[in-house]
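What follows is a single structure, written as structure tokens, with notes after it.
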Amino acid sequence: MAFEGLTERLQNAMKKIRGKGKVTDADLRETMREIRLALLEADVNFDVVKNFVKTVRDRASGTKVLEGLNPAQQIVKIVDEELTKTMGEEAVPLNKSDKIPTIIMMSGLQGAGKTTTVGKLANKLKTDEKARPLMIAADIYRPAAIDQLVQVGEQIDVPVFEMGTDVNPVEIVRKGLEKAAEDHNDYVFIDTAGRLQIDEQLMQELSDIKELAHPDEILLVIDAMTGQNAVATAEGFDKKLDITGVVLTKLDGDTRGGAALSIRAATGKPIKFVGQGEKMADLDVFHPDRMASRILG
Ligand code: GDP
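So for the sequence shown, UniProt numbering puts the first residue at 1; every next one is plus one.
Below you can see the structure in the form of structure tokens.
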């Protein structure tokens, strides 16, 4: 289960002060030391942990909290609030264009869940808003990727624009956008190629697609199981593309929490959605406060 180790360790860290009517500076120091270790073990980015611990300690120390009523409860509340802040405070909605179509470009490393997420998002818009999306298959390097998107399209009854694997992806996107204009689609998803790691050629192609399509939203799909490596991935894509948001996938797995807790604080870019399973319905809006409660258990 996601965050299992982190939840247990955070609870243990706070259990020691829970029963106490009075919490001393030394108690607080010990609790913060354990919280720090719990976060590092969950693979949260070092700088994020450092800032988090400092902020909680600053807020909790001093007579107001330590000598006030229920100091332990107040510290738990501070931890909850700061976890929420670290993940971005508020849910951030999808960017939308004021004229159709809203163009959403999807990027990410291979296997992160990009194609699946395109389908999930198109399906969500179709269900929630009765939207009429078009999905463009621009991953020409993995023939199976096009088939996979076509299959997803059939499953959710959303059209897919594809030109096989012999046409330049930028050209595919150009033609796909023309088709969307003809058909008055209100959303266009561009499923781009993923690679095993960030490389110059991939990044250049994504930049070229961005320049042509002027997307309203550039979402980076990241596998939550990659822990704080997610930060390096996000920084790499962001530097080149200036991403507008992140979708964190596989939160139904036994991820330790590092990616969820690091990305926003380390990159400044919001996590907008989370994938919590392989089915088309398994996509949720990311709510930092709910995630903090889930982590605290
Ligand atoms: P892409 O290479 O980035 O396009 O990745 P795919 O969309 O092909 O997904 C890779 C694998 O991850 C597939 O087996 C998906 O079913 C799976 N997957 C994607 N999102 C999730 C998720 O939120 N939870 C789980 N458990 N599996 C997912």
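Where a beta carbon is used, it is the ideal one built from N, C-alpha and C, also for glycine.
Determine the direct distance from the alpha carbon of residue j to that of residue i, and round the result to whole angstroms.
{"i": "N12", "j": "E34", "result": "9 Å"}
{"i": "Q148", "j": "N123", "result": "15 Å"}
{"i": "T249", "j": "E67", "result": "42 Å"}
{"i": "M135", "j": "I218", "result": "14 Å"}
{"i": "R18", "j": "R256", "result": "25 Å"}
{"i": "A266", "j": "K50", "result": "12 Å"}
{"i": "E200", "j": "R29", "result": "46 Å"}
{"i": "D289", "j": "A232", "result": "25 Å"}
{"i": "A1", "j": "P215", "result": "According to the sequence displayed, residue 1 carries Met and not Ala. The alpha-carbon atoms of M1 and P215 are separated by roughly 35 Å."}
{"i": "L121", "j": "I103", "result": "12 Å"}
{"i": "E162", "j": "D186", "result": "18 Å"}
{"i": "V246", "j": "G111", "result": "15 Å"}
{"i": "D242", "j": "K279", "result": "29 Å"}
{"i": "H184", "j": "L94", "result": "20 Å"}
{"i": "H287", "j": "L6", "result": "19 Å"}
{"i": "L83", "j": "A181", "result": "43 Å"}
{"i": "P101", "j": "A26", "result": "58 Å"}
{"i": "G88", "j": "A260", "result": "10 Å"}
{"i": "K54", "j": "K99", "result": "45 Å"}
{"i": "I113", "j": "K64", "result": "Sequence inspection shows Gly at residue 113; the Ile mentioned does not correspond to that position. Using only the alpha carbons, I get a separation of about 47 Å."}
{"i": "residue 299", "j": "L109", "result": "In this structure the chain extends from 1 to 297, so residue 299 is not present and cannot be described."}
{"i": "I209", "j": "F237", "result": "14 Å"}
In terms of DSSP beta bridges, what is residue i paired with?
{"i": "L134", "result": "V188"}
{"i": "S107", "result": "L220"}
{"i": "M163", "result": "T165"}
{"i": "G102", "result": "Before going on, a small fix: residue 102 reads as Thr here, not Gly. Looking at the DSSP assignment, T102 forms a beta bridge with Y187."}
Taking buried to mean at least 16 other C-beta atoms within 10 Å of its own C-beta, is residue i buried or exposed?
{"i": "G141", "result": "According to the sequence displayed, residue 141 carries Tyr and not Gly. With fewer than 16 Cβ atoms within 10 Å of its Cβ, Y141 is classed as exposed."}
{"i": "Q228", "result": "buried"}
{"i": "F189", "result": "buried"}
{"i": "residue 347", "result": "The first residue shown for the chain is 1 and the last is 297, placing residue 347 beyond what the model contains."}
{"i": "S262", "result": "buried"}
{"i": "K130", "result": "exposed"}
{"i": "F46", "result": "exposed"}
{"i": "S107", "result": "buried"}
{"i": "N168", "result": "exposed"}
{"i": "K20", "result": "exposed"}
{"i": "A213", "result": "buried"}
{"i": "G119", "result": "buried"}
{"i": "A144", "result": "exposed"}
{"i": "E205", "result": "buried"}
Taking the continuous beta strand (DSSP E) assigned at residue i, which residues delimit it?
{"i": "G275", "result": "271 to 275"}
{"i": "T249", "result": "245 to 249"}
{"i": "G258", "result": "No beta strand (DSSP E) contains G258, which is instead part of the alpha helix (DSSP H) from 258 to 267."}
{"i": "E217", "result": "217 to 223"}
{"i": "M87", "result": "Per DSSP, M87 belongs to no beta strand (DSSP E) and is neither H nor E."}
Let's see if you can read the secondary structure: which residues bound the alpha helix (DSSP H) around residue i?
{"i": "G119", "result": "114 to 129"}
{"i": "M14", "result": "4 to 18"}
{"i": "S207", "result": "200 to 213"}
{"i": "S293", "result": "288 to 296"}
{"i": "D25", "result": "25 to 41"}
{"i": "V285", "result": "Premise fails: V285 lies in the beta strand (DSSP E), 283 to 285, not in any alpha helix (DSSP H)."}
{"i": "E154", "result": "143 to 156"}
{"i": "G236", "result": "229 to 241"}
So is the beta-carbon of residue i under 6 Å away from any non-hydrogen atom of ligand 2?
{"i": "Q110", "result": "Looking for ligand 2 in the displayed structure turns up nothing; the ligands present are ligand 1."}
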